[in-house]
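Data block below; observations after.
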Amino acid sequence: MVADSLGKGLVIVFIGFNPSPASALAGHPYAHRSNRFYRILYESGLTPILHVPEEHREMLTLYGYGFTNIVARTTRRADELSADEFATGRRTVLAKLKRFRPHIACFVGKGVYRPYSGRSAFPYGFQTQVAQTDSCEFVGPATSGLVRMPLAEQVVIYRVLAQAAASVRDNTER
9 MVADSLGKGL VIVFIGFNPS PASALAGHPY AHRSNRFYRI LYESGLTPIL
59 HVPEEHREML TLYGYGFTNI VARTTRRADE LSADEFATGR RTVLAKLKRF
109 RPHIACFVGK GVYRPYSGRS AFPYGFQTQV AQTDSCEFVG PATSGLVRMP
159 LAEQVVIYRV LAQAAASVRD NTER
């Protein structure tokens with residue numbers, strides 16, 4: 009199982025599909041050796057060093073980054089999740105966003121954002137149509153090693169998120 013890592017006043021909460029078997033076994037999000045999540049955070053400027061999955065809880069205090077999933081059940085692939093699980097997950101994520109009020113909700117993959125938003129088409133990046141929460145909504149590419157998008161393209165998209173996170177930090181430190 010991968011427990012949520014959440015708290016009040018987060019800069020970003022990263023919302024994934026669900027834990028992979030590797031993540032569930034390790035107890036850390038994005039733990040499969042082929043997942044590029046932590047590399048993307050580093051290369052985009054979201055973190056100043058390359059972290060490993062075991063350090064995800066430290067990211068809460070270091071950067072104000074939290075972690076959750078739209079579905080808690082572990083599966084090998086996200087396409088094994090049912091529409092009912094996604095519907096329940098949408099309600100659960102909305103409740104978490106309303107409770108913890110992160111500045112930015114980052115959906116790690118369009119497949120995560122689609123059932124959350126109810127929309128079928130939307131771009132990567134910040135969204136203009138958002139749910140009724142105080143959080144800005146950002147959609148980034150999924151970071152699984154199964155994703156065919158080149159790493160460099162993923163990094164460019166996440167750099168926009170890094171710039172926004174820096175702006176949030178600047179405004180809250182004043």
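Residues 9 to 182 in our numbering are what the sequence shown lists, from first letter to last. Beta carbons are placed, not taken as given, at the ideal position from N, Cα and C, and that holds for glycine. Nothing here was measured: the structure is a model prediction, and the numbers come from that model.
- request: Locate the alpha helix (DSSP H) running through A91, then write down its first and last residues.
  value: Indexing the sequence shown from 1 puts residue 91 at position 83. Counted as a single uninterrupted DSSP element, the alpha helix (DSSP H) harbouring A91 occupies residues 91 to 108.
query: Between the stretch 72 to 85 and the stretch 28 to 48, do three or more beta carbon pairs fall short of 8 Å?
result: Look at the beta carbons and you see the stretch 72 to 85 touching the stretch 28 to 48: at least three pairs across the two are nearer than 8 Å.
message: Restricting to Cα atoms, I'd like to know which of F25, L14, F45 is closest to R122.
response: Walking along the sequence shown from the start, residue 122 turns up at place 114. Closest by alpha carbon: F25.
- prompt: How would you write the range of the beta strand (DSSP E) that T69 sits in, first residue to last?
  reply: As a working note, residue 69 is residue 61 in the sequence shown. Segment 66 to 71 is the alpha helix (DSSP H) holding T69; no beta strand (DSSP E) there.
message: Can you tell me which residues form a DSSP beta bridge with E145?
response: Stepping through the sequence shown from its first residue, residue 145 is reached at position 137. E145 pairs with A113.
field: Inter-residue spacing [alpha-carbon to alpha-carbon] between R167 and V176
entry: Start at 1 with the first residue of the sequence shown, and residue 167 comes out as number 159. Start at 1 with the first residue of the sequence shown, and residue 176 comes out as number 168. Between the alpha carbons of R167 and V176 lies a gap of roughly 14 Å.
message: By the DSSP assignment, the alpha helix (DSSP H) with F130 in it spans what residues?
response: What you label residue 130 is simply residue 122 of the sequence shown in a count that begins at 1. Note, F130: premise wrong, no alpha helix (DSSP H); not H, not E.
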